[in-house]
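In our numbering, the protein residues as written are 17 to 564.
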């Protein structure tokens, strides 16, 4: 199919003004795919792209697919700078449209175009930028999310992005447009996203006043609003300047007071899990401070609440405590502090006992979350080349696995041998759960085993567990299950970890950490790893035979 440039322009003009059948738009897509780059630029610069899209029924799947193909072709022919300047009026018209599908579509394409810009300076005109800012408050959540996504790209991609987004005129527009707590939540979330990606810009963003609603939200009496802003604050505390800002504002002290009194308010069961996870983020950054078992009282409020929550009869509360501990265990410094508190006589020891109870007998939902917590507690967080540090990590995780392996009982395990024996019972329970018919439990159990495989004691137990390596090496056991790809990838990672952990285990002085593999076992594991997740697939071909 060949058409002249004038014929294609005439077709675009006709469709833009009069509309047309889907077949006509698909015909245009086919025609444009054959046009040379030079002619394509002429077409893109000559036609009203936005009017063409406005003529289409974007609520219809086929029309939407055609529009995406047209946009991909036409927008690629024109640099973003030229697009936003030459078609500014049409873009503003589209962003003012009552058709939310068109608005979302244009915002997405604008974002894609901006991401390809090579300039270090923002090329978006002020009028378009302000219009997108207003769309953050749009009642349609898809439009709002598309606007936030576009603004995040502006803020992080260009050296003047933060200044363009958070200058006085933009902030004034934001404050007049976003009036509800939900709308301000979207803006604060976007600003925080930019700050997390560019921590050096936090002070500039905070000075604009755009983050003030966060402080208000952290003190809000409405539980849902409060928890939503808590989620954002979890990211703010990851930024050193953000952490100091929250401290200086008094927000953290106020949250400690609310944490302490959470059990005394009607919505405490809703607030407590969110608060525990938030302070878990703080403790991840500074475990010695937030898990202090000494005076002043304000410092150990979190620890005492964590202890109480861990033994709470409500599984939701005790699981939140476990998940908070799992967060803190994400760094070696946090593990060392937690270890002091979780010894047999430590205040956190009962929480590990509770974890064993959950893994032994609980509902599917509780079991999955408990297994996730076990994974975070036992997986290797750093690949230390220092033997002393690696040994300390292995000893801490083995002690925890041994405690959990008592499945709700509480007996002191003073030696590595007794801890290894108890951890072996835990692994046996995990192997049973790893063949559970429910895919979510199966996957969570395999991920816990995967965490074990990163530790020398864990790799040793996996090798010694009767029949388990055969199960891991069998690529047919997960075929047909809902989570097949993830299950297969996790099994592959376990085998790979066992192989690498066995090779590095020779550096440990403790026999409990030595992983001994026979030469034929090593060869088998290496072949499995070499063949990949899915193994060697037999090629099949179909041969056509002419009937005689």
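In this text, a Cβ means the ideal position worked out from N, Cα and C, and glycines have one as well.
- Contact check between the stretch 473 to 485 and the stretch 517 to 529: three or more CB pairs, one atom from each, fall below 8 Å, which counts as touching.
- Pairwise C-beta distances place the stretch 410 to 422 in contact with the stretch 376 to 396, as three or more of them are shorter than 8 Å.
- The C-alpha of residue 434 is placed about 20 Å away from the C-alpha of residue 406.
- Put simply, the stretch 198 to 216 does not touch the stretch 260 to 267. Fewer than three CB pairs are less than 8 Å apart.
- Nearest C-alpha to residue 344 among 127, 300, 489 and 304: 300.
- Going by beta carbons, residue 170 and residue 139 fall outside the 7 Å limit.
- Judged by beta-carbon spacing, residue 372 lies within the 7 Å limit of residue 423, meaning their Cβ atoms are closer than that value.
- A Cβ-Cβ separation of about 6 Å places residue 107 in contact with residue 144 under the 8 Å criterion.
- For the options 348, 452 and 395, the alpha carbon positioned closest to that of residue 380 is the one of 452.
- The stretch 346 to 418 contains, as complete alpha helix (DSSP H) runs of 4+ residues, the segments 348 to 357, 365 to 376 and 380 to 394 (chain order).
- Here residue 100 is actually not in contact with residue 110; their C-beta atoms are around 12 Å apart, not less than 8 Å.
- Along the stretch 137 to 221, the alpha helix (DSSP H) occurs as fully enclosed runs of 4 or more residues at 142 to 151, 157 to 173, 177 to 181, 184 to 193 and 197 to 213, listed in sequence order.
- Taking 8 Å as the upper bound for CB-CB distance, residue 42 and residue 82 are in contact here, some 6 Å apart.
- Close CB contacts of residue 439 within its chain, under the 7 Å cut and outside five residues either way in sequence, are with 414, 417, 418, 421, 473 and 477 (chain order).
- Closest by C-alpha distance to residue 92, out of 74, 112, 113 and 59, is 59.
- Between the stretch 397 to 405 and the stretch 356 to 368 there are fewer than three inter-stretch CB-CB distances shorter than 8 Å, so the stretches are not counted as touching.
- Here residue 510 is not near residue 455, since their CB atoms are 7 Å or more apart.
- Remark: fewer than three beta-carbon pairs, one from each stretch, lie closer than 8 Å, so the stretch 496 to 507 and the stretch 535 to 545 are not flagged as touching.
- The beta carbon of residue 246 lies closer than 6 Å to those of 290 and 294 in the same chain, with the five residues before and after it left out.
- For residue 502, the enclosing alpha helix (DSSP H) stretches over residues 500 to 520.
- Your pair residue 38 and residue 79 checks out as a contact, with CB atoms roughly 6 Å apart and the cut at 8 Å.
- Contact check for residue 71 and residue 32: beta-carbon distance about 5 Å, within the 8 Å limit, so the pair qualifies.
- Leaving aside the five residues that flank residue 124 on each side, the residues in its chain whose CB is nearer than 7 Å to its CB run, in chain order, 162.
- The alpha helix (DSSP H) runs of length 4 or more contained entirely in the stretch 278 to 328 are, from start to end of the chain, 284 to 301, 303 to 306 and 313 to 326.
- In terms of Cα proximity to residue 485, the closest of 500, 497, 466 and 498 is 466.
- Inclusion of residue 159 and residue 119 in the CB contact set at 7 Å is warranted, their separation being smaller than that value.
- Exclusion of the five residues before and after residue 85 leaves 45 as the residues of its chain whose Cβ lies within less than 6 Å of its Cβ.
- Exclusion of the five residues before and after residue 190 leaves 149, 152, 203 and 226 as the residues of its chain whose Cβ lies within less than 8 Å of its Cβ.
- Short of 6 Å from the beta carbon of residue 307, and not among the five residues preceding or following it, lie these beta carbons of its own chain, in chain order: 299, 319 and 353.
- C-alpha of residue 200 to C-alpha of residue 243: approximately 14 Å in a straight line.
- Remark: C-beta atoms of residue 116 and residue 156 approach each other more closely than 7 Å.
- The beta carbon of residue 374 is closer than 6 Å to those of 382 and 386 in its chain, skipping five residues each way along the sequence.
- Pairing residue 141 with residue 36, the inter-Cα distance amounts to about 33 Å.
- Here DSSP, grouped into helix, strand and coil, assigns residue 255 to coil.
- Between residue 208 and residue 175, the gap from beta carbon to beta carbon reaches 7 Å or more.
- Listed in chain order, the non-local C-beta contacts of residue 173 below 6 Å within the same chain number zero, local neighbours out to five positions each way being set aside.
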